[in-house]
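Residue numbers (the numbering used here), protein chains in the order written: chain A, 83 to 375; chain B, 83 to 375; chain C, 83 to 375; chain D, 83 to 375. Structure first, commentary second.
Number of protein chains: 4
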Amino acid sequence: MSGPGQKEQSRETAILLISCPDAIGIDAAVTNFLSSHRGNIVDFDQHVDKEQNIFFLRVEWEMEGFSLSKEKTEAEIAVLAKPFNMSWSLRYSSAVPRMAVFVSKQPHCLYDLLARVQSGEWRVEIPLIISNHQDMEPLARRAGIPFFHIPVSRETREAAETRQIALLKENRVDFIVLARYMQILTPQIIAEFPGRIINIHHSFLPAFPGAKPYHSAHARGVKIIGATSHYVTEDLDAGPIIEQDVIRVSHKDSVDDLVRRGRDLEKIVLSRAVWRHLQSKILVYSNKTVVFG
Amino acid sequence: MSGPGQKEQSRETAILLISCPDAIGIDAAVTNFLSSHRGNIVDFDQHVDKEQNIFFLRVEWEMEGFSLSKEKTEAEIAVLAKPFNMSWSLRYSSAVPRMAVFVSKQPHCLYDLLARVQSGEWRVEIPLIISNHQDMEPLARRAGIPFFHIPVSRETREAAETRQIALLKENRVDFIVLARYMQILTPQIIAEFPGRIINIHHSFLPAFPGAKPYHSAHARGVKIIGATSHYVTEDLDAGPIIEQDVIRVSHKDSVDDLVRRGRDLEKIVLSRAVWRHLQSKILVYSNKTVVFG
Amino acid sequence: MSGPGQKEQSRETAILLISCPDAIGIDAAVTNFLSSHRGNIVDFDQHVDKEQNIFFLRVEWEMEGFSLSKEKTEAEIAVLAKPFNMSWSLRYSSAVPRMAVFVSKQPHCLYDLLARVQSGEWRVEIPLIISNHQDMEPLARRAGIPFFHIPVSRETREAAETRQIALLKENRVDFIVLARYMQILTPQIIAEFPGRIINIHHSFLPAFPGAKPYHSAHARGVKIIGATSHYVTEDLDAGPIIEQDVIRVSHKDSVDDLVRRGRDLEKIVLSRAVWRHLQSKILVYSNKTVVFG
Amino acid sequence: MSGPGQKEQSRETAILLISCPDAIGIDAAVTNFLSSHRGNIVDFDQHVDKEQNIFFLRVEWEMEGFSLSKEKTEAEIAVLAKPFNMSWSLRYSSAVPRMAVFVSKQPHCLYDLLARVQSGEWRVEIPLIISNHQDMEPLARRAGIPFFHIPVSRETREAAETRQIALLKENRVDFIVLARYMQILTPQIIAEFPGRIINIHHSFLPAFPGAKPYHSAHARGVKIIGATSHYVTEDLDAGPIIEQDVIRVSHKDSVDDLVRRGRDLEKIVLSRAVWRHLQSKILVYSNKTVVFG
């Protein structure tokens with residue numbers, strides 16, 4: 083399934099993400115490069131981590147009027163990058179990312195993701211949905227998206243992941259969204275999609291990692307609950323945080339109330355994180371994220 | 083120091099706090115008691131913890147027109163309480179609570195507390211300020227409040243607390259506010275003021291308990307930071323939470339920024355908790371709080 | 083379409099809403115009535131507007147064990163109500179409300195409402211969707227809900243409403259949700275559903291009523307935008323407010339960004355308001371609401 | 083009164099603010115200028131208003147190691163600015179701004195401002211406090227700040243402002259903070275301090291401008307209240323907004339509760355705005371602000 087996308091009519095842009103040791107002259111080098119080829123910058127965000135002395139840049143410019151071909155652009159950026167020891171990546175707004183969704187039994191995040199794609203709010207392709215349960219199959223079918231039921235148990239986890247990876251590759255998936263997928267991933271699949279698996283955890287991490295966070299929050303008597311979207315790493319619920327949000331609760335809220343009210347938090351926080359990922363607004367380092375606004 | 087208080091002109095009220103096993107007829111018994119003596123209820127809040135089957139009530143009524151003397155009121159409530167096995171407490175709005183403030187070197191919470199009392203926003207008496215450092219002495223002096231410098235080291239902790247307790251008793255202190263007091267209390271003083279020591283911790287508990295929470299929050303890359311006010315128990319930073327609040331942060335915020343921005347959170351969260359305590363709006367059970375609105 | 087509902091398995095309750103002039107003895111009368119018939123109260127919320135001297139009560143009790151039949155309950159409440167001059171209404175949790183949805187071209191609120199019903203998060207029946215455009219017909223069809231396209235122009239507004247009212251009555255609709263329905267209702271339909279039409283307005287009312295609030299917010303340079311759900315009255319965007327929420331924006335947000343980010347606000351705020359309405363948690367007076375927590 | 087300031091020990095920086103018509107090459111020109119003189123950029127924020135085609139830049143660099151004198155820096159920036167038609171301003175972090183505070187009877191904002199300066203949280207000089215009432219004189223005296231009581235009535239407004247302006251000039255005041263100063267300023271004083279008078283209004287503007295906003299908010303039954311800090315212009319409560327924040331309220335909150343709870347909002351929102359102003363993080367255009375993070 084693919085939404086028409088809001089930006090279809092908008093002009094194509096190139097998006098360059100850079101990180102490198104901080105140094106005098108990086109800005110000048112990049113902006114000189116773009117201005118010398120008539121690149122009209124539409125967005126320019128930079129950040130310097132002073133403690134670690136790392137420079138981060140996201141620059142987006144219009145392709146219309148830009149005097150370099152895409153091939154030459156790549157080549158020239160490579161030349162530019164060398165003296166500064168830049169890590170960099172380049173993508174074009176015309177490319178439609180391919181997103182796999184993993185889900186278990188809870189439907190609310192999946193509904194929200196599908197609504198955004200179906201309504202054209204997001205410009206992304208969902209080639210498949212994978213689940214360890216069959217509950218969401220009808221929803222996937224109504225949306226016209228292939229659904230793969232791959233049960234997972236302790237014994238079959240490895241085989242299940244092997245099959246998942248095969249399906250993901252077959253479908254040329256760019257990144258994975260875990261929409262309340264209640265299984266732990268192994269290093270196998272994480273290594274295949276490093277920094278490209280987005281999870282939603284139903285607590286304000288690092289508080290209440292692991293199972294049943296709403297029960298723990300209720301037992302602890304917190305006055306605010308949260309949800310956290312992060313990239314998945316090998317450490318459970320400990321990957322780089324992309325987005326968090328919270329709501330106020332009180333002694334009147336039972337565990338069931340927290341679960342119910344938390345659902346809205348979860349779906350909104352997850353969708354904000356996916357949106358930032360789709361826009362290439364996120365840079366990861368030291369188990370943290372730079373998320374440009 | 084004592085502020086004139088906003089409620090000085092307002093009519094005296096009685097405030098009854100009740101907790102007991104839930105049962106049919108509690109509401110009826112209490113409201114019958116009040117209506118039979120012409121008690122005009124100005125606030126009535128109840129809560130039932132369904133899991134633990136505990137009933138909580140805070141009822142406030144005007145003394146003007148109430149047909150019972152204070153003495154008889156106590157006696158009749160005792161009679162009322164018996165069949166329901168109620169824990170209860172009664173106080174009158176005319177009583178001015180006496181609050182001790184403990185502080186170390188950070189001034190922002192102390193400034194905020196003093197401003198509320200000096201300006202008459204709160205009706206409370208501060209008979210003394212105790213600190214393990216001398217930094218805040220000039221501020222206390224300007225406010226006209228006796229300041230006691232009681233240094234604390236691992237070796238002197240017990241003796242220091244003994245002296246603190248003597249001062250607190252001498253000054254007939256009702257409750258203690260730890261306004262960024264950076265010392266761990268021992269069971270000795272906690273036992274003297276059970277449920278009557280309010281602390282502010284500079285994180286969104288239970289995330290980042292203990293020392294240097296802003297450093298930990300920065301290292302973890304959270305997108306939201308918080309502050310938590312709670313009653314002190316023997317478990318460090320694990321007592322019943324009264325109030326929490328949060329602010330959004332980003333990759334742009336250094337540890338120093340978190341410290342700076344957190345100060346406002348801390349002072350506001352602490353003051354909200356103290357305000358609720360002053361109003362007798364808090365009931366504690368199972369290491370949690372019922373905080374009526 | 084009807085969701086199975088979360089509460090299907092839970093025990094039936096009765097919900098009594100009361101408002102009347104404040105007086106001594108109301109609480110006692112109501113709680114005596116319930117306790118004398120063995121009514122186990124599961125929720126009890128009261129509020130007194132001190133300025134206007136009005137008393138509000140919502141009390142919910144379990145039908146299991148309650149010793150009165152539904153018929154007799156109504157009769158006895160009528161007797162109870164008389165001396166206090168109570169306005170009151172009584173409903174049972176077993177009744178499934180029937181909700182009509184009006185929509186125009188924007189789909190996000192409709193998607194969100196449908197997801198909640200389809201997934202069983204809400205226990206409500208949607209017998210029909212009415213729109214002045216055809217865009218949402220496929221979505222309604224996929225959800226299996228009858229869709230009525232009723233175009234509206236200045237000239238046809240009255241005739242259109244007459245047809246709408248006929249459809250609503252035919253379908254025994256209890257209340258109407260305007261899910262970004264971009265037409266002004268006339269007094270005709272409002273009179274048919276007083277206090278039973280819920281709208282979502284895409285601003286923080288009373289700021290920016292009327293058309294294009296995001297454009298106005300952007301022009302004014304506000305740092306926070308909001309959404310407001312309210313009951314519809316004859317005064318445009320001026321009815322009793324049920325729920326509001328906000329998000330922080332900045333100079334970086336274009337009008338398009340506000341529109342995009344506002345969509346999430348709108349759908350969540352609308353759904354919270356509908357949820358409170360479904361739970362009979364709202365009392366309306368003086369163009370304001372009491373919304374119990 | 084002057085606080086020691088947190089940044090005293092930190093290295094001196096130069097802060098350059100630029101706005102001009104957007105064009106290719108601005109970034110390159112500025113960053114080339116700095117890198118050619120070994121300017122180590124510590125903060126670089128830019129924004130482009132796409133609709134109005136205006137470019138905004140705030141760049142901060144260390145003076146240590148920068149190879150130009152302050153005099154030459156000004157001269158070279160002037161040369162740089164010309165072809166791009168830049169408006170620009172340059173200041174150094176070593177300069178301590180001089181801030182006048184205007185206040186009436188409400189003390190909470192003044193207390194908060196003074197605490198920040200006295201405690202060294204802010205690095206700013208307060209040479210005088212002006213008030214139309216005498217209530218705050220003791221507080222000013224305790225803080226050791228000259229206090230001027232200048233009563234204002236409709237008839238004396240002009241003469242009062244003339245005296246205020248004389249005092250402000252005499253004291254070489256850089257900017258003015260209206261800390262709940264309940265008088266309308268005339269164009270006379272506004273013209274003397276354009277974009278340099280910061281007000282706090284106790285509502286979420288543009289809702290409830292003018293007098294008694296909490297009464298209006300209560301009458302309208304809003305579920306959220308706010309406070310707004312803005313630069314003063316000739317249009318009452320309609321100047322460029324710097325900062326806003328909100329808190330959730332309910333039917334339980336009386337007007338007095340809104341007033342009480344709003345005080346914390348007001349003082350925090352005002353202080354955030356002043357802090358941004360002190361850091362030269364604000365650019366004003368089209369009655370809006372760019373506030374860099």
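All C-beta atoms in this analysis are idealised placements derived from N, C-alpha and C, irrespective of residue type, glycine included.
On the CB-based measure, 16 or more other CB atoms within 10 Å of its CB, does residue i come out buried or exposed?
i: Gly-321 (chain D); result: buried
i: Lys-164 (chain A); result: exposed
i: Asn-281 (chain B); result: buried
i: Ile-97 (chain B); result: buried
i: Gly-303 (chain C); result: buried
i: His-297 (chain B); result: exposed
i: Glu-348 (chain C); result: buried
i: Gln-326 (chain B); result: buried
i: Ser-151 (chain C); result: exposed
i: Asp-379 (chain B); result: Nothing in the structure corresponds to residue 379 (chain B), since chain B is present only between 83 and 375.
i: Pro-269 (chain A); result: exposed
i: His-359 (chain B); result: buried
i: Asp-317 (chain D); result: exposed
i: Arg-223 (chain C); result: exposed
i: Glu-90 (chain C); result: Note that Glu-90 (chain C) scores 43 on pLDDT, short of 50, meaning its location in the model is unreliable and no value can be drawn from it.
i: Glu-203 (chain B); result: buried
Using the beta-carbon of each residue, which ones in chain C are nearer than 7 Å to residue i?
i: Ser-336 (chain D); result: Lys-132
What do you reckon, are the CB atoms on residue i and residue j nearer than 8 Å?
i: Ile-279 (chain B); j: Val-314 (chain B); result: yes
i: Thr-310 (chain B); j: Ile-329 (chain B); result: no
i: Pro-59 (chain D); j: His-284 (chain D); result: The structure shown does not extend to residue 59 (chain D), since chain D is modelled only from 83 through 375, so no value can be given for it.
i: Thr-95 (chain D); j: Ser-175 (chain D); result: yes
i: Tyr-367 (chain A); j: Ser-171 (chain A); result: no
i: Val-206 (chain A); j: Val-178 (chain A); result: yes
i: Ser-149 (chain D); j: Arg-120 (chain D); result: yes
i: Pro-209 (chain A); j: Ala-182 (chain A); result: yes
i: Val-356 (chain C); j: Val-259 (chain C); result: yes
i: Asn-122 (chain C); j: Ile-106 (chain B); result: yes
i: Val-124 (chain A); j: Glu-142 (chain A); result: yes
Using DSSP's beta-bridge definition, name the partner residues of residue i.
i: Thr-371 (chain A); result: A:Val-366
i: Thr-95 (chain A); result: A:Glu-144
i: Phe-184 (chain A); result: A:Ile-212, A:Leu-260
i: Ile-123 (chain C); result: C:Trp-143
i: Val-130 (chain C); result: C:Phe-137
For residue i, which residues in chain B fall below 8 Å Cβ to Cβ?
i: Ile-282 (chain D); result: In chain order: nothing, as chain B lies at least about 15 Å away.
Which residues in chain D sit within 7 Å of residue i, going by Cβ to Cβ distance?
i: Ser-201 (chain B); result: Pro-189, His-190, Tyr-193
Going along chain D in order, which residues have a C-beta closer than 9 Å to the C-beta of residue i?
i: Arg-302 (chain C); result: Leu-287, Pro-288, Ala-320, Ile-323, Asn-369, Lys-370
What does residue i touch in chain C if you count any residue whose Cβ is under 9 Å from its own?
i: Gln-361 (chain B); result: The premise fails here: Gln-361 (chain B) is roughly 16 Å from chain C at the closest Cβ pair, so nothing lies under 9 Å.
How would you list, in chain order, the residues of chain C whose beta-carbon sits under 8 Å from the beta-carbon of residue i?
i: Ser-332 (chain B); result: Under the 8 Å cutoff, chain C gives no residues; its nearest Cβ is about 11 Å from Ser-332 (chain B).
i: Gly-375 (chain A); result: Ser-332, Lys-334
Anything in chain A within Cβ reach of residue i, meaning under 8 Å, just list it in chain order.
i: Ile-350 (chain C); result: Asp-346, Ile-350
i: Ile-306 (chain B); result: Phe-286, Gly-308, Gln-326, Asp-327, Val-328
i: His-129 (chain B); result: His-333, Lys-334
Report the CB separation of residue i from residue j in whole angstroms; it is logged as a contact under 8 Å.
i: Phe-126 (chain C); j: Asp-109 (chain B); result: 7 Å
i: Ser-353 (chain D); j: Tyr-193 (chain B); result: Actually they are not in contact, since the Cβ atoms of Ser-353 (chain D) and Tyr-193 (chain B) sit about 12 Å apart, beyond 8 Å.
i: His-215 (chain B); j: Ser-186 (chain B); result: 6 Å
Using a cut-off of 7 Å between C-beta atoms, extract the partners of residue i located in chain B.
i: Ile-106 (chain C); result: Ser-117, Arg-120, Asn-122
Please list the partners that residue i has in chain B, where partner means a Cβ-to-Cβ separation under 9 Å.
i: Arg-224 (chain D); result: Arg-224, Ala-225
Going along chain D in order, which residues have a C-beta closer than 8 Å to the C-beta of residue i?
i: Ala-197 (chain B); result: Pro-189, His-190, Tyr-193, Asp-194, Ala-197
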